[in-house]
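Numbering (the working numbering), first residue to last: 1 to 265.
Below is one structure, written out as structure tokens, with a few remarks after it.
In structure tokens:
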């Protein structure tokens with residue numbers, strides 16, 4: 001039950017489709033094709049293709065780097081210095097040996113977003129380090145439950161999340177987006193847009209149920225599982241929110257909503 005904390009932030013690429021339906025009154029029937037004068041071409045309206053709409057945050061002027069200069073983006077494989085500078089701005093209290101994994105941070109973040117709805121996470125490739133300490137369980141009349149004391153293990157992650165300046169996070173995302181998309185392409189997702197996957201990830205986490213406390217567990221083998229099959233069948237991302245407790249999960253959801261608003265307004 002030991003999982004990486006998920007407080008990754010996410011946003012939306014919205015598409016708009018309009019359907020036009022033409023209706024003729026019974027007394028006014030359209031001319032059949034045979035009624036057109038011989039040799040006269042019937043004009044056909046040619047519609048210009050509608051260009052793909054990019055999210056508003058990516059239509060703005062490309063922001064500067066973390067130090068305020070207008071340096072070009074580095075190659076993805078050499079981006080640790082740039083992403084590390086942004087991490088220091090967004091997480092000033094997280095030192096070099098803190099919660100974040102500083103190497104290949106963009107690739108790790110993209111892989112996390114891509115895996116949120118899966119049943120397992122690649123824990124050795126996550127952008128944050130695993131939660132410390134053992135998973136704590138309490139018993140009552142022979143039944144096992146998640147011990148509320150277990151939620152305290154997530155406190156350092158929640159404190160770090162609460163202090164993220166979302167406007168700055170939006171600037172960092174816009175600045176680094178080409179690298180996010182490149183890392184997503186390298187996962188082998190043909191034609192996939194990281195925007196859309198990010199939105200799907202945030203909506204997926206926001207849809208996590210909020211079960212009554214304490215949450216019952218079973219132990220069929222070595223590891224504990226949720227006693228409710230519906231909870232056990234949730235994705236790894238959603239189950240992580242359940243394991244961190246309702247108050248911590250509420251903070252994560254609120255920050256995700258706040259960040260989504262920054263990215264889509």
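Positions of the beta carbon are idealized from the N, C-alpha and C atoms, including for glycine.
- Determine the burial state of residue 141: buried for a count of at least 16 other Cβ atoms within 10 Å of its Cβ, exposed for fewer. Against the chain shown, residue 141 aligns to sequence position 141. It is exposed - the Cβ of residue 141 has fewer than 16 other Cβ atoms within 10 Å.
Between the CA atoms of residue 212 and residue 105 - distance to the nearest angstrom:
Sequence index remark: in the chain shown, residue 105 carries index 105 (1-based). Sequence index remark: in the chain shown, residue 212 carries index 212 (1-based). Approximately 36 Å, taken between the alpha carbons.
Practice prompt. Using DSSP bridges, identify the partner residues of residue 140.
Written response: Start at 1 with the first residue of the chain shown, and residue 140 comes out as number 140. DSSP lists 143 as the beta-bridge partner residues of residue 140.
Simplified DSSP assignment, three categories, for residue 100: Taking the chain shown and counting its residues from 1, the one referred to as residue 100 is at position 100. In the structure shown, the three-state DSSP call for residue 100 is strand.
For residue 247 versus residue 160, is the C-beta distance shorter than 8 Å?
Mapped onto the chain shown, residue 247 falls at position 247. Mapped onto the chain shown, residue 160 falls at position 160. No; because the gap between Cβ atoms is not below 8 Å, this pair is not in contact.
Check: Looking at C-alpha atoms only, which residue of 75, 57, 85 is the closest neighbour of residue 69?
Finding: For the purposes of this step, residue 69 is taken as the residue at position 69 of the chain shown. It is 85.
Among 194, 200, 224, nearest to residue 110 - alpha-carbon criterion:
Taking the first residue of the chain shown as 1, we reach residue 110 at position 110. For the residues 194, 200, 224, the minimum Cα distance to residue 110 belongs to 194.
TODO: Give every residue of the same chain whose Cβ lies closer than 6 Å to the Cβ of residue 117, excluding the five residues on either side of it in the sequence, and list them in chain order.
DONE: Taking the first residue of the chain shown as 1, we reach residue 117 at position 117. Excluding positions up to five away in sequence, the list reads 204, 235.
- Message: Assuming residue 216 is part of the beta strand (DSSP E), what are its boundary residues?
- Response: Walking along the chain shown from the start, residue 216 turns up at place 216. Residue 216 -> beta strand (DSSP E) spans 216 to 218.
- [ ] Give me the Cβ distance between residue 174 and residue 58, rounded to the nearest whole Å; I'm assuming they're in contact under 8 Å.
- [x] Sequence index remark: in the chain shown, residue 174 carries index 174 (1-based). Sequence index remark: in the chain shown, residue 58 carries index 58 (1-based). At roughly 6 Å, the Cβ-Cβ gap stays under 8 Å, so residue 174 and residue 58 are in contact.
Next item on the list: Would you mind sorting residue 237 into buried or exposed? The rule is 16 or more other CB atoms within 10 Å of its CB.
Entry: Position 237 of the chain shown holds residue 237. Under this definition residue 237 is a buried residue.
Quiz item: Who are the near neighbours of residue 258 in its chain, counting only those whose CB is closer than 7 Å to its CB and skipping five residues on each side?
Solution: Start at 1 with the first residue of the chain shown, and residue 258 comes out as number 258. The beta carbon of residue 258 sits closer than 7 Å to the beta carbons of 166 from its chain, once the five residues preceding and following it are set aside; these are given in chain order.
Could you tell me which uninterrupted beta strand (DSSP E) segments, each at least 3 residues in length, are contained entirely in the region 129 to 190, listed from first to last along the chain?
With a minimum length of 3 residues, the continuous beta strand (DSSP E) runs that stay inside the region 129 to 190 are 137 to 140, 143 to 146.
- Query: Which one of 218, 171, 158, 262 has the shortest CA to CA distance from residue 100?
  - Reply: Walking along the chain shown from the start, residue 100 turns up at place 100. Of the candidates 218, 171, 158, 262, the one whose C-alpha sits nearest the C-alpha of residue 100 is 158.
Q.
What does DSSP give as the partner residue(s) for residue 226 in the beta ladder?
A. Numbered from 1 along the chain shown, position 226 holds the residue referred to as residue 226. Residue 226 pairs with 217.
query = What does a CB cutoff of less than 8 Å around residue 145 pick up in its chain, not counting 5 residues either side in sequence?
reply = Translated into the one-based positions of the chain shown, residue 145 becomes position 145. The beta carbon of residue 145 lies closer than 8 Å to those of 137, 138, 139, 214, 215, 216, 217 in the same chain, with the five residues before and after it left out.
Where does residue 243 fall in DSSP's three states? Along the chain shown, read from residue 1 onward, the residue named residue 243 stands at position 243. In the structure shown, the three-state DSSP call for residue 243 is helix.
- prompt: So, is residue 107 buried or exposed, given that buried needs 16 or more other C-beta atoms within 10 angstroms?
  reply: Within the chain shown, numbered from 1, the residue matching residue 107 stands at position 107. Buried, because 16 or more other Cβ atoms sit within 10 Å of the Cβ of residue 107.
* Asked: Smallest Cα separation from residue 222: which of 79, 130, 135, 121?
  -> Counting from 1 along the chain shown, the entry for residue 222 is found at position 222. Nearest C-alpha to residue 222: 135.
Taking the alpha helix (DSSP H) that residue 200 falls in, what are its first and last residues?
Within the chain shown, the letter at position 200 stands for residue 200. Segment 194 to 206, the alpha helix (DSSP H) holding residue 200.
Exercise. Using a threshold of 8 Å, state whether the C-beta atoms of residue 253 and residue 198 are closer than that.
Key: Taking the first residue of the chain shown as position 1, residue 253 is located at position 253. Taking the first residue of the chain shown as position 1, residue 198 is located at position 198. No, the pair does not count as a contact, with Cβ atoms beyond the cut-off.
For residue 122, collect the residues of the same chain with a Cβ closer than 7 Å to its Cβ; drop the 5 residues on either side in sequence, then sort them by chain order. Position 122 of the chain shown, counted from the start, is the residue given in the question as residue 122. Sequence-distant Cβ neighbours of residue 122 in its own chain, meaning closer than 7 Å and more than five residues away, are 111, 115.
task = For residue 68, name the three-state secondary structure that DSSP assigns.
result = As a working note, residue 68 is residue 68 in the chain shown. Residue state, collapsed to three classes: coil.
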